[in-house]
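Structure first, commentary second.
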Amino acid sequence: MELTVLGAGPAYTDRPGASGAAYLVRDSETAILLDLGQGSFPRLAASIEPSRLTAVVVSHLHPDHFIDLVALRHYLRYQFRPPRRVSVHAPAALGERLDALHGQPGFSAEALDIVPLAEGTTAIGGVRLEARRVTHTDESYAFRVSAATGGPGLVYSGDCGVATDLAPLIRAGDVLLTEVSFGPGPVPAGALHLDGPAVGALAASTGPSGVLLTHLQMGFEEAATIESIRATFGGPVEFVSPGTQLTI
1062 MELTVLGAGP
1072 AYTDRPGASG
1082 AAYLVRDSET
1092 AILLDLGQGS
1102 FPRLAASIEP
1112 SRLTAVVVSH
1122 LHPDHFIDLV
1132 ALRHYLRYQF
1142 RPPRRVSVHA
1152 PAALGERLDA
1162 LHGQPGFSAE
1172 ALDIVPLAEG
1182 TTAIGGVRLE
1192 ARRVTHTDES
1202 YAFRVSAATG
1212 GPGLVYSGDC
1222 GVATDLAPLI
1232 RAGDVLLTEV
1242 SFGPGPVPAG
1252 ALHLDGPAVG
1262 ALAASTGPSG
1272 VLLTHLQMGF
1282 EEAATIESIR
1292 ATFGGPVEFV
1302 SPGTQLTI
């Protein structure tokens, strides 16, 4: 499998070129997009013709993880005659959110086939998607994506407030792509996100082959965050940014 990072930013940032969460995973003819946050549609379109996506998978209904579905919907609806469609696996309320944003019932359904997420494993093209609920919003998911033939997978945290929620998804040798919103910590009371020490403890106990970090809030330094993880986890740790590519 090949991972291409299209966007890795949080809800707001002062980092030039940053955009919302968007991670493209390809395995042979299958192309799965994990989240599509603000500003990431142009990089998607530069990486793959968007109607060729096998599916988009949305972790939760915060706009920095799904709002560029509006751009995708418009592209599918107006770029082609006849219009094209893409499957979107997402929390059940996604269609209502998009329709309400535009004050137009049926807005999303004109180009997006929305499939409600649930915990468990499903086949999407030639990959397996395992979804598990995590602590964040009323309905938030983390995912493990792996080839249908087996082997190491990619575990994506989405946004997650309790690191141990991710542990059942991680097999030894997997790559962990995780938010680390509050850098070296601590996480403010009531903020359902992760920091470096929590990620380090999780990685030390589950044995991924490496940790990829994303979704760092303004005001926190990458170097200090990595150091806080290496205090407990001895494997590779790095931040990703748009353009990062990795073979899993």
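Numbered according to this note's numbering, the sequence shown terminates at residue 1309, and the numbering increases by one at each position without gaps.
Quick reminder that beta carbons are idealized off the backbone N, C-alpha and C, glycines included.
{"Asked": "Spatial distance of T1125 from G1098 (CA atoms)", "Found": "Thr is not the amino acid found at residue 1125; the sequence shown has Asp there. The straight-line gap from Cα to Cα measures roughly 4 Å."}
{"Asked": "Meets three-Cβ-pair contact criterion under 8 Å: the segment 1101 to 1117 and the segment 1222 to 1238", "Found": "no"}
{"Asked": "Among L1178, R1113, L1263, nearest to A1006 - alpha-carbon criterion", "Found": "With the chain represented from 1062 up to 1309, any question about residue 1006 goes unanswered, as that position is not in the structure."}
{"Asked": "Beta strand (DSSP E) runs contained entirely in the segment 1174 to 1223, provided each spans 3 or more residues", "Found": "1181 to 1185, 1188 to 1195, 1201 to 1208, 1215 to 1217"}
{"Asked": "3-residue-minimum beta strand (DSSP E) runs that sit fully inside the segment 1086 to 1145, ordered along the chain", "Found": "1091 to 1095, 1116 to 1118"}
{"Asked": "Beta bridge counterpart(s) of T1275 as assigned by DSSP", "Found": "E1240"}
{"Asked": "Straight-line gap, G1164 to R1158 (C-alpha atoms, nearest Å)", "Found": "10 Å"}
{"Asked": "Residue range of the beta strand (DSSP E) that includes A1250", "Found": "Element bounds for A1250: n/a, residue is neither H nor E."}
{"Asked": "Extent of the continuous alpha helix (DSSP H) to which V1149 belongs", "Found": "It is not in any alpha helix (DSSP H) - V1149 instead sits in the beta strand (DSSP E) that spans 1147 to 1151."}
{"Asked": "Three CB pairs or more closer than 8 Å across the segment 1146 to 1162 and the segment 1084 to 1092", "Found": "no"}
{"Asked": "Closest residue to L1122 among L1237, R1205, C1221 (Cα-Cα distance)", "Found": "C1221"}
{"Asked": "Outcome for R1113 when other beta-carbon atoms lying within 10 angstroms are tallied against a minimum of 16", "Found": "exposed"}
{"Asked": "Spatial distance of G1187 from H1150 (CA atoms)", "Found": "16 Å"}
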